[in-house]
Ligand SMILES: *[C@@H]1O[C@H](CO)[C@@H](O)[C@H](O)[C@H]1NC(C)=O
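Written out as structure tokens, the structure reads:
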């Protein structure tokens, strides 16, 4: 009997699933830290995407740099999930999101957004931070274009998943082209391309796309 119980506990720990109340609570903290309405959550991921772009452009609560505001809020959410008997990878898992969302589009675009933030607040953080004035201007001037790259990708990949890898490439090109501005370093094109590649990765890592660093960049 004891052995059976131990086995049961072990299974429960190994096959962790996302717990909805904790997930919702951690997302509420995320919105609060960003100073946005709590309705911008996993059920409204494209709305949340626009809110994050707006913060990149206009700054966060108290006028702090948009990148700092978004990344601090994101890191707090990850920590919140990790300390509440669930983890970010369980809650951002596409199959789990699909089985708990009203529409597949929303499940995907939430998982996409969180993966892009993981890049922008992780490996991509210092490129962005070191060039924030440029990136902030890029987001301001190309806001509509960049949201268009994302929205088109989400719709097209959903309607025609067989051509998903083509849409990934289109999106990477779209973000790369948008991430240029006169007076700004070419390395931001790489940041734009990689941000989009990371965006698409939860569904399309099988496409094995890659972004090129401009060889003339030193
Ligand atoms: C950015 O574009 C989106 C989508 O078109 C729009 O809803 C939002 O208000 C724009 N934000 C800014 C700061 O221009």
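In mature numbering (1 follows the signal peptide of the UniProt record, and there is no 0), the protein residues as written are -16 to -1, 1 to 202. C-beta atoms are modelled at their ideal positions from N, C-alpha and C, and glycine is treated no differently. Every value quoted in this text rests on a predicted model; they were computed, and no experiment measured them.
Residue of the options minimising C-alpha distance to residue i
i           : options           : result
residue 15  : 196, 58, 3        : 58
residue 133 : 192, 197, 172, 33 : 33
residue 138 : 89, 108, 98, 171  : 89
residue 92  : 23, 78, 6         : 78
residue 47  : 63, 18, 156       : 18
residue 197 : 169, 136, 3, 22   : 169
residue 136 : 124, 7, 156, 125  : 156
residue 2   : 80, 9, 128, 13    : 80
Boundaries (first-last residue) of the alpha helix (DSSP H) holding residue i
i           : result
residue 181 : 171 to 188
residue 7   : 4 to 18
residue 159 : 148 to 162
residue 126 : 116 to 143
residue 84  : 78 to 84
residue 38  : 29 to 42
residue 60  : 50 to 66
residue 95  : 88 to 104
residue 72  : 72 to 75
Whole-angstrom distance between residue j and residue i, CA atom to CA atom
i           : j           : result
residue 27  : residue 141 : 19 angstroms
residue 154 : residue 189 : 15 angstroms
residue 68  : residue 75  : 12 angstroms
residue 104 : residue 187 : 18 angstroms
residue 107 : residue 56  : 15 angstroms
residue 82  : residue 95  : 10 angstroms
residue 62  : residue 72  : 6 angstroms
Taking 8 angstroms as the threshold, find out whether the stretch 160 to 169 comes into contact with the stretch 110 to 120 through three or more Cβ pairs. yes
For the stretch 170 to 184 against the stretch 98 to 114, are there 3 or more C-beta pairs whose distance is under 8 angstroms? yes
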